[in-house]
Amino acid sequence: MGFGSYDESEQETQNQNDDDDSEAVNVHQNEHDGSVSFESEASTDDLVGRLSEMKDDDSDDDDSS
-11 MGFGSYDESE QETQNQNDDD DSEAVNVHQN EHDGSVSFES EASTDDLVGR LSEMKDDDSD
49 DDDSS
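Here it is in structure tokens:
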């Protein structure tokens, strides 16, 4: 089979056991209502400058491909 090809016969041979819920994941088990905060000694200007540098680095990487 080549890359990206699809064979329906492979799908037919898979066995699923929907009765076994022991491995089920409860996505709501660890929901939290809270807030996140952090403190930084960097000024807003420092952070914006660093972000600009990161954006410039990304655009340089995009140009080289």
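Heads up: the sequence shown at position 59 corresponds to 47 in this note's numbering, and the numbers run straight through without jumps.
Idealized CB from N, CA, C, for every residue including glycine.
Judged by DSSP in its simplified three-state form, Asp46 adopts helix. Per the coordinates, the alpha-carbon of Val36 lies some 18 Å from the alpha-carbon of Asp48. In the structure shown, the three-state DSSP call for Asp33 is helix. Assigned with DSSP and collapsed to three states, Ser40 falls in helix.
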